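S.K.: First the structure, then my questions, so here it is.
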Amino acid sequence: MSTLSYRNQLTCAWSGFVFIALFLGGFWVIAGFVPPPSPANPAEVTARFFAGHTIAIRVGLWVTMVGCALVASWTVAVSAQLKRVEGAEVLAQLQLILGSLLTIEFLIPVMIWQTIAFRPGSDAQTAMHLNDMAWLVFLGLVSTVILQEIVIGIAILQDSQEEPIFPRWIAYLTFLTASLTIPGGLIVFFKTGPFAWNGIVSWWILLAAFCVWMVTFTTFLIRAIKKQFTATVAAAPGEVATI
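Just so we're aligned: 449 in the working numbering is position 194 of the sequence shown, and the numbers increase by one with no gaps anywhere.
Laid out in C-alpha cells, this is it:
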C-alpha cells in the first residue's frame, strides 16, 4: 500500500462517520423527520407538515443529501479491504455494487421529499402520495442493504489469515444488523403499530441497529487500513516513503 493509497482509503473510511453525523443532523435535527410522521395521518396533516417549516426541511434534506452521497466513498473503502481476503474478490465487487445501489436508494427519497417542500402549497393528496413513495423507498427497500451486510459478513468469516482483517465478531454483528433490518420491508403492510414506518420495530430498532453497526464497522475499517499500512512500512520502509 502506497502512502497515497493509504490516505485515500482512510479518507473514504472516515466518510462513514461523516455520513452518520450529516444524516442524523440533517434528517433529525434540522428537517425534523424524526420521529417520522405517522403513515396513518390524513393528507391535510401531511401537507401541513411540509408547509409548516419548509425552509428547515429544505436545508435539512440538503445536508442529508450530502451525507448520503458519502455512502459511496465508504463502500469503496470496504471493498478495498475485503479484496485482501483470499478468494473474496467477487464478494468485494458485489459489495461495491450493492453499496452503490444503496447510495442511490438513499438519495431518491430525499429528492422526493425536496419536491414536496419545493411547492408546499400544492394539493394535499399529491403531497401525501409523494411522501408515501419516499418513505416506502427510504425504509421499505431493504433487500439491497441486507444483502450487502450478508456479503460483508461472509467475506469476514472467509478470512483465514493468522491475523484476520476484521475480528469474527464483526461478522456476527453484521448478520444481526441484517436481521434487524428485515422489518423495514414490512412497512408496505402497516399504517399503524410497531411495523409501520414510524413504529418501534421498523424504525427505531432498525435505525439504532444500523447506526451502531456503521460506527462500529467504520472504527474497525479504519483500524484495518492503518494496520495494513503499518505492515507495508515495516516490510519495505524505503519504498513506501518514496511513493
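Note that the Cβ used here is the ideal one computed from N, Cα and C, for glycine as well. On a predicted model such as this, the values are computed, not experimentally measured, just so you know.
Under a Cβ-count criterion, where at least 16 other Cβ atoms within 10 Å of its own Cβ denotes burial, should Ser-415 be classed as buried or exposed?
M.R.: Here residue 415 is taken as the residue at index 160 of the sequence shown, counted from 1. Exposed, since its Cβ has fewer than 16 Cβ neighbours within 10 Å.
S.K.: Hey, Thr-429 and Gly-454 are a contact pair by Cβ (cut 8 Å); roughly how many whole angstroms apart?
M.R.: As a working note, residue 429 is residue 174 in the sequence shown. As a working note, residue 454 is residue 199 in the sequence shown. That pair is no contact at about 24 Å.
S.K.: Find the nearest neighbour of Trp-283 within the set Trp-452, Ala-426 and Leu-316, judged by alpha-carbon distance.
M.R.: Residue 283 sits at position 28 when you count from the first residue of the sequence shown. Per the Cα distances, Leu-316.
S.K.: Looking only at its own chain, which residues have a Cβ that is under 7 Å from the Cβ of Trp-236, when we skip the five neighbours before and after it?
M.R.: Because the chain here runs from 256 to 498, residue 236 falls outside it and cannot be looked at.
S.K.: Could you give the uninterrupted runs of the alpha helix (DSSP H) lying entirely in the stretch 363 to 397, keeping only those of 4 residues or more?
M.R.: The stretch 363 to 397 contains these whole alpha helix (DSSP H) runs: 379 to 395.
S.K.: Quick one: measure Cβ to Cβ for Gln-413 and Val-340, integer angstroms, because I've assumed they're closer than 8 Å.
M.R.: As a first step, residue 413 is located in the sequence shown; it is residue number 158 there, counting from the start. As a first step, residue 340 is located in the sequence shown; it is residue number 85 there, counting from the start. Right, the Cβ-Cβ distance comes to about 6 Å (below 8 Å), so this counts as a contact.
S.K.: Check whether the Cβ atoms of Ala-302 and Ala-379 lie closer than 9 Å to each other.
M.R.: By 1-based counting over the sequence shown, the position of residue 302 is 47. By 1-based counting over the sequence shown, the position of residue 379 is 124. Yes.
S.K.: Which same chain residues end up closer than 8 Å to Ala-298 when comparing Cβ atoms and leaving out the 5 residues on each side of it in sequence?
M.R.: To locate residue 298, count along the sequence shown from 1; it is residue 43. Taken in chain order, the residues that qualify are Ala-379, Gln-380, Ala-382 and Met-383.
S.K.: Go through its chain and collect everything with a Cβ distance to Leu-357's Cβ below 7 Å, but skip five positions before and after it.
M.R.: Taking the sequence shown and counting its residues from 1, the one referred to as residue 357 is at position 102. If we look at Leu-357 and ignore the five residues flanking it on each side, its Cβ neighbours are Val-326, Thr-399, Val-400 and Gln-403.
S.K.: Does DSSP put Asn-263 in a helix, in a strand, or in coil?
M.R.: Against the sequence shown, residue 263 aligns to sequence position 8. Helix.
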